[in-house]
Amino acid sequence: MKLLDGKALSARIKDEIAEQVAQIKAQGGNVPHLAAVLVGDDPASQSYVKSKVNSCHRCGFESTLIKKDDGISESELLDIVADLNDNPDIDGFIVQLPLPQHIDESKITLAIDHRKDVDGFHPINVGRMAQGLPSYLPATPFGILQMLERAEIETSGKHCVVVGRSNIVGTPISILLSRKASPGNCTVTLTHSRTKDIGAVIREGDIVIAAIGIPHFIDASMIKEGAVVIDVGINRVEDESRKRGYRLVGDVHFDEVAEKCSFITPVPGGVGPMTVTSLLMNTLKASQKEIYA
Ligand code: NAD
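The sequence shown begins at 183 in the numbering used here and counts up by one.
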């Protein structure tokens, strides 16, 4: 079994991005500028945004963090989005999800100018992605593609089983891996909470991508010998031995599955760091007007 070390790979990619940004600066070009909007005090969201801002600094990007308490109204948040859309200094921005219950997330996503939608969630980017047109790819699926590509994992003709159909992971990665592209050209099965005998379906997968949010849902009995296993899940489980009282585990039972598969991503340190790197790659593209003029 080989470990797909997302932490090490993302560090390498960040070095590459930093080098490109240094060249852009030296030539007097447009330095990428990412803004992040954080609403409320959800600890996981705070830590994701912190890591995004730190990564910006590391790569020489400019960054702006807009923090609002969870009492903010939907219209106030829409005004912030409108300001960011109009601000010529901002190349791309994200509104960290989830948002408080009284705010309609899809309204906010739709309000973001698709040319600045570096999370790749706007329907224009999703539609362009589905048609194989240049677009900002959603960060987590983009990170998974990077991992597969850099590890030289053959995807063409393989059966990929995706578990979970969210708009941010399961659905887009199923589209991306079925596209006529490299990585891609997979035969994809998208499974979810209504799939019958899901273990038997997952066991068919040469490549298994788990994005459900249930700790250790996938055990060794569900994995074919030699499969490639990508674990997107990030779940907190109680752990008295840790100072903070919990530890992070994936949707895959790592210890069991690692003995059977050919490649596996750890949690933490697998897909998570790659997600941040993809956001930086999208922002770099936005600043250089690679996708939209
Ligand atoms: P979600 O929480 O929006 O949806 C869960 C999906 O899992 C649904 O499509 C549902 O149909 C499916 N599901 C639920 N129970 C199931 C069951 N018993 N059998 C089969 N399918 C079932 O999904 P999400 O936002 O993609 O998040 C999934 C996990 O991935 C979470 O743990 C989340 O924290 C993590 N995540 C990690 C990253 C990263 O960067 N590593 C990014 C996004 C999400």
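Heads up, the beta-carbon is just placed ideally off N, CA and C, and yes, glycines get one too.
Less than 7 Å separating the Cβ of SER403 from some heavy atom of the ligand NAD? no
Contacting residues, own chain, Cβ-Cβ under 8 Å from GLU386 (five flanking each side not counted): HIS341, VAL343, THR371, LYS406
Given this structure, state the Cα-to-Cα distance separating THR377 from CYS443, to the nearest angstrom. 23 Å
What does the alpha-carbon distance come out to for the pair GLY302 and LEU319? 5 Å
Tell me which residues pass a beta-carbon proximity test against the ligand NAD: closer than 5 Å to any heavy atom, given in chain order. THR322, GLY346, ARG347, SER348, VAL351, HIS374, SER375, ALA393, ILE394, GLY395, VAL414, GLY415, ILE416, VAL453, GLY454, THR457
When you compare the region 264-271 with the region 447-465, are there three or more beta-carbon pairs, one atom per stretch, that lie closer than 8 Å? Counting Cβ pairs under 8 Å, fewer than three are found: no touch.
Using CA coordinates, which residue listed in TYR474, ALA409, LEU462, ASP437 is at the minimum distance from HIS215? LEU462
Pick from ALA475, PRO354, VAL431 that is closest to GLU420, judged by C-alpha positions: VAL431
Taking 8 Å as the limit between beta carbons, can you name the residues of its chain near ILE396, skipping five residues before and five after? GLY415, ASN417, ASP433
Beta-carbon within less than 6 Å of HIS398's beta-carbon, same chain only, minus the 5 sequence neighbours each way: which residues are those? HIS435
Terminal residues of the alpha helix (DSSP H) in which HIS173 lies: The question about residue 173 has no answer, for the chain in this structure spans 183 to 475.
For ARG429, list the residues DSSP reports as bridge partners. VAL419
Are the beta-carbon atoms belonging to PHE324 and THR465 less than 8 Å from one another? no
Starting from LYS207 and walking both ways along the alpha helix (DSSP H), at which residues does that stretch end? Counting along the chain, the alpha helix (DSSP H) containing LYS207 begins and ends at 188-208.
If LYS196 and CYS241 are in contact, beta carbons under 8 Å, what's the gap, nearest whole angstrom? 6 Å
Starting from GLY274, trace the alpha helix (DSSP H) both ways and give me its first and last residue. No alpha helix (DSSP H) contains GLY274, which is instead part of the beta strand (DSSP E) from 274-277.
Same chain, Cβ closer than 8 Å to ALA363, five either side skipped, listed in chain order: GLY314
Candidates GLY381, VAL300, LEU220: closest to PRO280 by CA position: LEU220
Integer-rounded CB distance, given that ALA218 should sit under 8 Å from LYS234: 6 Å
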